[in-house]
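Reading through the structure tokens given below for one structure.
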Amino acid sequence: MLLLVLTLAVFMPVSANAAPKTNQWVNKGRYRYYYNRKGKKVKNKVKQIGNFRYSFDKKGRMQTGWQIFGSKKAYFSKKSGRMQVNKKVDGVKIGKSGYVKRSKTELKEQKALEKAKQILAKITTSKMSKSQKLYAAFQYMTSRANFSYRTWRGFSVYDGWEYDYALEMYEKRAGNCYNFACGFAMLAKAIGYQPQVIAGRVPGGVDGAPDGFTRHSLVKINGLYYDPEAQFDGWARGVYGLGYYPMYLQILSIRTI
Numbered sequence: 000m001l002l003l004v005l006t007l008a009v010f011m012p013v014s015a016n017a018a019p020k021t022n023q024w025v026n027k028g029r030y031r032y033y034y035n036r037k038g039k040k041v042k043n044k045v046k047q048i049g050n051f052r053y054s055f056d057k058k059g060r061m062q063t064g065w066q067i068f069g070s071k072k073a074y075f076s077k078k079s080g081r082m083q084v085n086k087k088v089d090g091v092k093i094g095k096s097g098y099v100k101r102s103k104t105e106l107k108e109q110k111a112l113e114k115a116k117q118i119l120a121k122i123t124t125s126k127m128s129k130s131q132k133l134y135a136a137f138q139y140m141t142s143r144a145n146f147s148y149r150t151w152r153g154f155s156v157y158d159g160w161e162y163d164y165a166l167e168m169y170e171k172r173a174g175n176c177y178n179f180a181c182g183f184a185m186l187a188k189a190i191g192y193q194p195q196v197i198a199g200r201v202p203g204g205v206d207g208a209p210d211g212f213t214r215h216s217l218v219k220i221n222g223l224y225y226d227p228e229a230q231f232d233g234w235a236r237g238v239y240g241l242g243y244y245p246m247y248l249q250i251l252s253i254r255t256i
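The sequence shown begins at 0 in numbering that gives the first Met the number 0 and counts up one residue at a time.
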């Protein structure tokens with residue numbers, strides 16, 4: 000009988016609650032979290048911990064690099080996660096507050112990207128692959144049911160022109176080759192690609208130039224060419240994901256947006 004009691008004592012399960020994590024950092028996989036004094040993850044905020052400030056997303060994951068806060072931004076060390084103050088990062092001077100006012104170009108980029116995401120939410124689904132979403136974006140931009148051709152103003156290269164032309168296309172539902180290219184490029188960016196917008200010249204007489212070339216704009220993604228305006232207008236169909244451009248192309252500028 001004594002042996003039976005001892006045996007039961009050894010094998011009876013013991014329930015124990017793990018001690019709550021409070022005021023401490025916890026690493027889980029490749030992410031780092033901070034639990035406050037109540038044992039809850041710090042989420043969706045910038046928090047002072049000790050002598051430094053850290054940024055956390057809505058899931059409580061510590062963020063690094065440039066983070067956006069409305070019309071301002073701040074940089075958090077990629078090594079420690081600490082907000083950087085009184086230094087220069089990526090050519091940007093950061094003062095003692097740690098926050099930097101975003102430029103007009105950055106604000107235009109954000110607006111264009113938000114518009115692009117709204118469009119993608121209507122023309123794609125979560126079950127679609129990245130490449131399927133890109134094709135849906137191209138189909139959307141080249142449909143005459145969605146857009147018409149129009150030149151709103153003379154073209155010139157300036158900081159952030161790509162975002163202006165994309166917004167113009169989304170809001171006015173019409174544009175020229177620059178609008179088509181930028182509109183598609185921003186959709187690609189919203190999907191997760193790093194598109195390049197090309198401003199150049201191709202054979203044609205629209206500009207009336209003596210050398211027989213006319214201005215044109217298209218997109219390059221991962222080394223492949225995409226030409227939504229040529230598809231829309233019908234003068235060069237099928238330029239989608241091609242490893243070459245099917246006619247002579249003079250590149251005047253090419254920029255990643």
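Yeah, the Cβ is synthetic: ideal placement off N, Cα and C, and Gly gets one too.
Exercise for review: Look at Asn22 and Arg36 and say whether their C-beta atoms are less than 7 Å apart.
Suggested key: What you label residue 22 is simply residue 23 of the sequence shown in a count that begins at 1. What you label residue 36 is simply residue 37 of the sequence shown in a count that begins at 1. For Asn22 and Arg36, yes; Cβs fall inside 7 Å.
Check your understanding: Apart from the five residues just before and just after Ile118, which ones in its own chain have a Cβ nearer than 6 Å to its Cβ?
Key -> As a working mapping, residue 118 is identified with position 119 in the sequence shown. Excluding sequence neighbours, Ile118 sits near nothing in its chain.
Review point. Going by DSSP, which residues form a beta bridge with Val207?
Key: The residue labelled residue 207 in the question sits at position 208 within the sequence shown. The sequence shown places Gly at residue 207, not Val. In the DSSP output, where bridge partners are listed per residue, Gly207 has none listed.
Check your understanding: Alpha carbon to alpha carbon, what distance is there between Thr141 and Ala73?
Key -> Within the sequence shown, the letter at position 74 stands for residue 73. Within the sequence shown, the letter at position 142 stands for residue 141. Computed Cα separation, rounded: 38 Å.
Check your understanding: If you scan the stretch 136-178 from start to end, which runs of the alpha helix (DSSP H) of 4 or more residues do you find wholly inside it?
Key -> 160-171
Point to revise | Element boundaries [beta strand (DSSP E), containing Gln23] | key: Position 24 of the sequence shown, counting from 1, holds the residue named residue 23. It spans 23-27 - the beta strand (DSSP E) in which Gln23 sits, taken as one unbroken run.
**Study point:** Nearest-angstrom Cα separation, counted from Asn178 out to Glu167
**Key:** Within the sequence shown, residue 167 is the residue found at index 168, counting from 1. Within the sequence shown, residue 178 is the residue found at index 179, counting from 1. The alpha-carbon atoms of Glu167 and Asn178 are separated by roughly 7 Å.
Review point. What is the residue span of the beta strand (DSSP E) that Ala198 lies within?
Key: As a working note, residue 198 is residue 199 in the sequence shown. Run containing Ala198: 195-202, per the beta strand (DSSP E) assignment.
Exercise for review: Measure the alpha-carbon distance for Ala135 versus Ser128 and round it to whole angstroms.
Suggested key: Position 136 of the sequence shown, counting from 1, holds the residue named residue 135. Position 129 of the sequence shown, counting from 1, holds the residue named residue 128. Roughly 11 Å between the two C-alpha positions.
Practice item. For Gly38, count neighbouring C-beta atoms within 10 Å of its own C-beta (all shown protein chains included) and say buried if the count is 16 or more, exposed if not. Key: Taking the first residue of the sequence shown as 1, we reach residue 38 at position 39. Classification of Gly38: exposed, given that the 10 Å Cβ count is below 16.
Exercise for review: Flag this pair as yes or no: are the beta carbons of Ala180 and Leu217 separated by less than 7 Å?
Suggested key: Locating residue 180 in the sequence shown gives position 181, counting from the first residue. Locating residue 217 in the sequence shown gives position 218, counting from the first residue. Cβ atoms of Ala180 and Leu217: closer than 7 Å.
Check your understanding: By the 10 Å Cβ neighbour count, where 16 or more other Cβ atoms means buried, how is Pro209 classified, buried or exposed?
Key -> Taking the sequence shown and counting its residues from 1, the one referred to as residue 209 is at position 210. It counts as exposed.
Exercise for review: Helix, strand or coil for Met262, going by three-state DSSP, please let me know.
Suggested key: Shown here, the chain extends from 0 to 256; a query on residue 262 therefore has no answer.
Point to revise | Terminal residues of the alpha helix (DSSP H) in which Lys107 lies | key: Indexing the sequence shown from 1 puts residue 107 at position 108. Unbroken alpha helix (DSSP H) run through Lys107: 103-122.
Review point. Can you check whether the CB of Ala115 is closer than 7 Å to the CB of Leu186?
Key: Taking the sequence shown and counting its residues from 1, one reaches residue 186 at position 187. Taking the sequence shown and counting its residues from 1, one reaches residue 115 at position 116. Yes, the Cβ-Cβ distance between Leu186 and Ala115 is below 7 Å.
Review point. What's the gap between the Cα of Lys171 and the Cα of Glu113?
Key: As a working note, residue 171 is residue 172 in the sequence shown. As a working note, residue 113 is residue 114 in the sequence shown. Whole-angstrom Cα-Cα distance: 16 Å.
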